[in-house]
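Protein chains in written order, with the numbering used here: chain G, 309 to 1068; chain V, 309 to 1068. For each residue, glycine too, the CB sits at the ideal point set by N, CA and C. What follows is a short report on a single structure.
There are 2 protein chains.
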Amino acid sequence: MDLLWEIVQDKYNSRENRKYETLFTLANGYKGLRGALEFSKLGERGNFIAGIFDKNTAQVTEIVNCQDILGFNLYIEEELVDLDICEILNFTRKLNMKEGILSFQFEIKTPKGKIIKVASERFVSRNNVHRWAAKYLITPINFNGKILIENIIDGTITNNTLDPINTTKHFNVEELIDLKPGIALITSTIDKKIKIMEGTSLIGLNEEGNFLKERKFNKFGEKVRELYQIFAVKDNEYTIYKLGATYTSRDINCSIKEAFEKELKDFIYDGYEKEKDAHIKIWEKIWTNIDIKIKGDDLAQQGIRFNLFHLSSSAYEGDDKISIAAKGLHGEGYKGHVFWDTETFMLPFFIYTSPETAKALLMYRYNTLEGARKNAMLNGFKGAQFPWESADEGVEVTPKWGIDYLGNPVRIWTGDEEFHINSDITFAIWEYYRATNDEDFLKNYGLEIFLDTAKFWQSRVEYNKLKDRYEINNVIGPDEFHEHVNNNVYTNYLAKWSIKKSLELVEWIKNKDMSFFNNICIKLGLNNEDFKIWQDIQEKMYIPKSKDGRIIEQFEGYFDLKYIKITEYDENGMPVWPKDVELDKLGETQLIKQPDVIMLMLMLREEFDEDVRRENYKYYEERTMHKSSLSPSMYSIMGLSVGDSNNAYRYFIKAIMTDLNDNQGNTELGIHAANTGGAWQSVVFGFGGLSVDKDQRLNFNPWIPKQWNELSFNINWRKNIIKVTIKEDEVLFEASEPVEILVYNKCCKLEKDKVLSVKR
Amino acid sequence: MDLLWEIVQDKYNSRENRKYETLFTLANGYKGLRGALEFSKLGERGNFIAGIFDKNTAQVTEIVNCQDILGFNLYIEEELVDLDICEILNFTRKLNMKEGILSFQFEIKTPKGKIIKVASERFVSRNNVHRWAAKYLITPINFNGKILIENIIDGTITNNTLDPINTTKHFNVEELIDLKPGIALITSTIDKKIKIMEGTSLIGLNEEGNFLKERKFNKFGEKVRELYQIFAVKDNEYTIYKLGATYTSRDINCSIKEAFEKELKDFIYDGYEKEKDAHIKIWEKIWTNIDIKIKGDDLAQQGIRFNLFHLSSSAYEGDDKISIAAKGLHGEGYKGHVFWDTETFMLPFFIYTSPETAKALLMYRYNTLEGARKNAMLNGFKGAQFPWESADEGVEVTPKWGIDYLGNPVRIWTGDEEFHINSDITFAIWEYYRATNDEDFLKNYGLEIFLDTAKFWQSRVEYNKLKDRYEINNVIGPDEFHEHVNNNVYTNYLAKWSIKKSLELVEWIKNKDMSFFNNICIKLGLNNEDFKIWQDIQEKMYIPKSKDGRIIEQFEGYFDLKYIKITEYDENGMPVWPKDVELDKLGETQLIKQPDVIMLMLMLREEFDEDVRRENYKYYEERTMHKSSLSPSMYSIMGLSVGDSNNAYRYFIKAIMTDLNDNQGNTELGIHAANTGGAWQSVVFGFGGLSVDKDQRLNFNPWIPKQWNELSFNINWRKNIIKVTIKEDEVLFEASEPVEILVYNKCCKLEKDKVLSVKR
């Protein structure tokens, strides 16, 4: 196996279990199964099904950690095969990213001296999201004897076991079922009574046929199990397949029992290997679209694939009522909530590689518009106000209280003040439309979001009569060190942009389909009076600037704050808190958590000339603490766009290694999903130098680090697959359809399936 | 603390958790709480309530492992204080046998570097069996910060977790209750719906008063918890009391909720220290009756107390429908079943130190007579046939299948064939009556057992016309290596004895209370015809002997079996399987598991003269594998009674160290309760040389090993407390009432409260 496609764990240490559970999570957009080891009780099992949320007694609505389906125990006589009790003779675990398969192999010696070899692989099918499976190869090394094989589904799982104050059980166990053979467990969430049926069945085949004969079935409270006994012979290998199926009442309207039973029956009929092959074929197809090849830098190659693998695993096109959580389907961190992370950091990857999935993710926002309207109403505004943190309904689910850097309880204001999410979403719709020309989506779904958020902004902005300008006060921008600020540029600028774009869309739809326009005005309660006001707002929106107009002031008064020089950097080149900083008074300094003005300039690059971008980049970079995984990748892109390639590689490596090196210290809580998208952007928008200009043309300004021999990737531009290969002294392009692009600001025409070389 | 009163564990090793859980079990006859450490998840929690049995899907009815009440977690910030995860800086655990208190102290360092000291003590009250409590002293050593304190009751417990095939859950969780503060959990057994209510409450007191203020209550499926947060200051000690109460629907007819709530409320009102003091006072009283003092041999002193402690803890006088299981209230071994172990090995201790408890234990047999009658009926016999293994009803609960020494499934015949239990019980009744003169018991309860088992024997014996004798064929005697044997002497002899004694009792009751006699004859369906047959049976019962009549043949044909010489001994001086032995064909050899003929001669010593006893002792000892913990102590007694003091000390040490050294390898399953009684017998009947002669007089023939300076103990003989002190060259006696005894076969008169010295 090609090491560049693998993540390897070659030593077992129970203290690292939680981290590896995240790194080795397998997901298919529908379901995420943390990479827990069957043979250790230490760690944090996680079985998440996208869209299954519950509040019960928790602080806020959160993704439900469902019944655990990984339960698979081996007993030699009565001794449990347990990595934390037995002596480990050898151990390896591998994530094969090319095929989406997690495998391990170990040999252990029990306290009574029995040696057994266990090899296993597992996949969560991308061919059929309702299926997952594992295979176990068991070999007694130094004994003949009885081995017990136990298949368990555990309904005692709670959320937040690492946070004892907030530990919550989000479901009741409804039914323990004997599938004869096989077991199933139906749970039902507390609030919405969503039913979740998980079931598994073991198949043991060798040349004698089925060797799993002596079966015992039991119910233990909230656990259900089946147990087999085999009499194993030294050096013989016993192969056991475990096939699993999942159905929830979110998936279908009819009986989940019927759907589940058919699924598992069909799966058993198809067999493990057939489903595995189909799963691998899907991954092959996915990799054709998403892979990034970096020659000459194995770390970068392996690292970028790790990020692409998990980002791709986190979504699928089959459900338009779910989106990607800040921690993917990989852990309970941020409670499974959806942030601007999805639209701003992850979506570009899907737009340019898997537009159907991008559309489904945007449809999630459309399908949660009712919640957004509720938020606006509850806060005294009009239209639709998207929540800073979103779960299944679109209502605000940001916790009101958290813990600050010093461990003190602190009021969290983001849910009250971080309004920019509304423009982040409309910007993402625009970005999607620009790259796909999906007029149907724009007309039927995107437009309504544009108009209803414009209506929200209309109610939210404050008119300053004295200065004849519109202001947005008391907000939080992307830089969350500063709360309750007035006229954050990122917020104001994107609100202005979004309103302006809404007005353009009004003209567009009027021309296209007047009766549709009339209908939507009736639906949203809009008329020409509103559009006039929008026009006024977008013209007079206040954008604070420095006196010379070159440096944009992050918000009103930012320039007056205390400047603190960052002087020390950690071993990863990341800033260390300056000594004189008071962590509970960061708001009084110019230190920022992550790009804010720079973020704006990345999104609306065409509206800021290169010199302005360069000066702002320089100014803000030296004030940035990078206390978000969203930060480094963005700086790498902006740096490259203004000709500063000094830090780009360092930032890029920092980004792709965020989880592999656990450099935020919380990988155990789930993958840094936004960062995985940032990593992709860092390659395509940064090193690939891709941007879209005012004329909606693709621009490429590629640059690659010296140590790279070659960088290549594909993008999907309006169904045209463009392959980009950047070499030391040339850049090659190949498109599936003719297209005009700009390379290093020169216009080039790509002909269908013909390679074009541009000298660097 | 006096080391002779303590059992100390000075090193933590998770692999020893299960063993120490047994050694450190605290029990009060009503309830047994395994000595699990709150701060480790490894091991086998055990909370047993005497008399609570259930079958459900298990092989046979078994003692229920009830909901776990020990749950007490500490989190420093969010880090769990767990001995298996943290670095252990120091650790000690102690069982204070004098006071019945288990304590520990440790300092650990969490993965994040926080050091905390925790000291704790725990008791299961002997003052009020419904109460138990723990105290925790918590000191942050190197930090100030938040500590979470979690009190949990866990209703997910199953039986037989170490035996996965037989894992069974014996109760449903009925109710999770918030006591505000405090938590409770009501379960209900599967078969008989016995309700069990367990509840606990935390109290945190320091100079500021109650410091447990921020409370959170949760239900997690089958677990209930309360959580407190405290902000702890470095070097300050925080004292938390945990008070617990237990009630079951076996205990009372009215609402267990009311009884429980009153109990816990009263306990909280009384406070921890008051109950602890009362508990210690009871233990002081108990020790006055039961203590054995051995001067000059610390190992023997500590070891004998360990055995007395656990034996005394296993029973109390307050419930006459329960008895002591083979593993006490200390583990799930032998499924909580009651064997001949109680009557034959443990009861003498209670008869001579705590006659009220002895009576309650015998009443258990009376109260299960209906079950015994069922057994007889089902097996085609008459009268009452006591079960080889007994649970709550007296019906036979011996499993039909088990595992042999080679790990193969094997049919267990003891429940079908080990009939001697019936005479073991009547012998025990006689022994009790002889030592207590409790005529009320003999008349109202004992008599009925004698008569109804005699009726059973009447139907069970086979008359051999040819030889004009009665035989009992196809049986198992105490030596279980030999099954389906004919005319096992132990069985036949004691059956004969029991029938003869029954006839004597018939005469006795006729003289005493003719109408009572008539009534019992009506009740049991007896008349003079039966008594005539009994007379015939007891006269003509076949007792096989060697040709010269000196060596009793264990059963018919035993002498013809293969003699195998035992040549090797392990490090404890115990025999090792001879090399040419086939472990599945032990029945074809003369090797025996444990004393059988010798057992008989110990029980009916007065019927065999010393020479016969000596010859049989010599003959059988060299054929005994001691594959039962019941074996060594009995050989030590018989050896001493025939003047062989060579092995007595070795056997004695072997007996008292059975669990402390885990020399049967299964201490984790519970205490070897019969052996604890055997240890007492070994001292009193062996070294003390106590026997009762045909004239019902106490005989003493004391002998002590050279290394002992002094041995002393008390016995209760018909309410007369006789203190015996054996020194190097004299034996001292002191009695609370005048009595005539024989010392070294010489008659001595003891005057009230006057010390009598007899030269050795």
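Based on Cα-Cα distance, which residue from the options lies nearest to residue i?
| i | options | result |
| --- | --- | --- |
| Lys-629(V) | Tyr-674(V), Pro-886(V) and Gly-604(V) | Tyr-674(V) |
| Glu-726(G) | Thr-665(G), Glu-791(G) and Met-505(G) | Glu-791(G) |
| Lys-1067(V) | Phe-1008(V), Lys-1060(V), Val-884(V) and Phe-689(V) | Phe-1008(V) |
| Val-1047(G) | Ile-1029(G), Ile-465(G), Val-1039(G) and Asn-1053(G) | Ile-1029(G) |
| Asn-544(V) | Cys-394(V), Ile-424(V) and Phe-867(V) | Ile-424(V) |
| Ala-540(G) | Thr-556(G), Phe-519(G), Ile-560(G) and Asn-321(G) | Phe-519(G) |
| Met-882(G) | Glu-837(G), Gly-723(G) and His-934(G) | His-934(G) |
| Lys-521(V) | Ile-511(V), Val-1032(V), Glu-530(V) and Ala-956(V) | Ile-511(V) |
| Lys-477(G) | Pro-472(V), Lys-531(V) and Glu-429(V) | Lys-531(V) |
| Leu-891(V) | Asp-390(V), Ile-560(V), Thr-652(V) and Val-718(V) | Val-718(V) |
| Ala-335(V) | Ala-684(V), Ala-623(V) and Glu-770(V) | Ala-623(V) |
| Arg-777(V) | Lys-848(V), Phe-960(V) and Ile-393(V) | Lys-848(V) |
| Asp-310(V) | Glu-352(V), Lys-809(V) and Glu-407(V) | Glu-407(V) |
| Leu-470(G) | Arg-1026(V), Ala-1043(V) and Glu-386(V) | Glu-386(V) |
| Tyr-866(V) | Glu-879(V), Tyr-877(V), Pro-852(V) and Ile-874(V) | Pro-852(V) |
Taking only beta-carbon positions, decide if residue i is within less than 9 Å of chain V.
| i | result |
| --- | --- |
| Phe-528(G) | yes |
| Lys-477(G) | yes |
| Lys-521(G) | no |
| Arg-326(G) | no |
Return the bridge partner residues of residue i from the DSSP annotation.
| i | result |
| --- | --- |
| Asn-518(V) | Leu-513(V) |
| Met-505(G) | Ile-494(G) and Tyr-555(G) |
| Asn-1022(G) | Lys-1031(G) |
| Asp-543(G) | Answer by DSSP bridge pairing: none, since Asp-543(G) is not bridged. |
Are the C-beta of residue i and some C-beta of chain G separated by less than 9 Å?
| i | result |
| --- | --- |
| Leu-350(V) | yes |
| Asp-392(V) | yes |
| Thr-369(V) | no |
| Glu-640(V) | no |
| Tyr-383(V) | yes |
| Pro-419(V) | yes |
| Pro-448(V) | no |
| Lys-1067(V) | no |
| Gly-354(V) | no |
| Leu-456(V) | yes |
| Thr-365(V) | yes |
| Gln-537(V) | yes |
For residue i and residue j, which I take to be in contact (beta-carbon distance under 8 Å), what is that distance rounded to the nearest angstrom?
| i | j | result |
| --- | --- | --- |
| Met-405(V) | Phe-575(V) | At roughly 24 Å, the Cβ-Cβ gap does not stay under 8 Å, so Met-405(V) and Phe-575(V) are not in contact. |
| Gly-710(G) | Arg-558(G) | So it is not a contact: roughly 29 Å between Cβ atoms. |
| Leu-774(G) | Leu-834(G) | Contact doesn't hold; Cβ gap of about 29 Å is too wide. |
| Ile-504(G) | Ile-494(G) | 7 Å |
| Ile-538(G) | Ile-457(G) | 7 Å |
For this session: Identify every run of the beta strand (DSSP E) within the region 702 to 777 of chain V, keeping only runs that are complete inside it and at least 3 residues long; order them along the chain.
Result: As far as the region 702 to 777 of chain V is concerned, its whole beta strand (DSSP E) runs of at least 3 residues are 709 to 711, 717 to 719 and 770 to 772.
For this session: Could I get the ranges of all uninterrupted beta strand (DSSP E) runs contained in the region 974 to 1011 of chain G, with 3 residues as the minimum, in chain order?
Result: The region 974 to 1011 of chain G contains these whole beta strand (DSSP E) runs: 998 to 1000 and 1006 to 1008.
Problem set entry | beta strand (DSSP E) segments (min. 3 residues) lying fully within the region 548 to 615 of chain V | Segments of the beta strand (DSSP E) lying fully in the region 548 to 615 of chain V: 600 to 603.
For this session: Entirely within the region 379 to 403 of chain V and at least 3 residues each: give me those beta strand (DSSP E) ranges in chain order.
Result: As far as the region 379 to 403 of chain V is concerned, its whole beta strand (DSSP E) runs of at least 3 residues are 380 to 384.
Exercise. At which residue ranges does the region 397 to 454 of chain V contain complete beta strand (DSSP E) runs of 3 or more residues, listed in the order of the chain?
Worked result: Complete beta strand (DSSP E) runs here, min 3: 409 to 417, 423 to 432 and 439 to 448.
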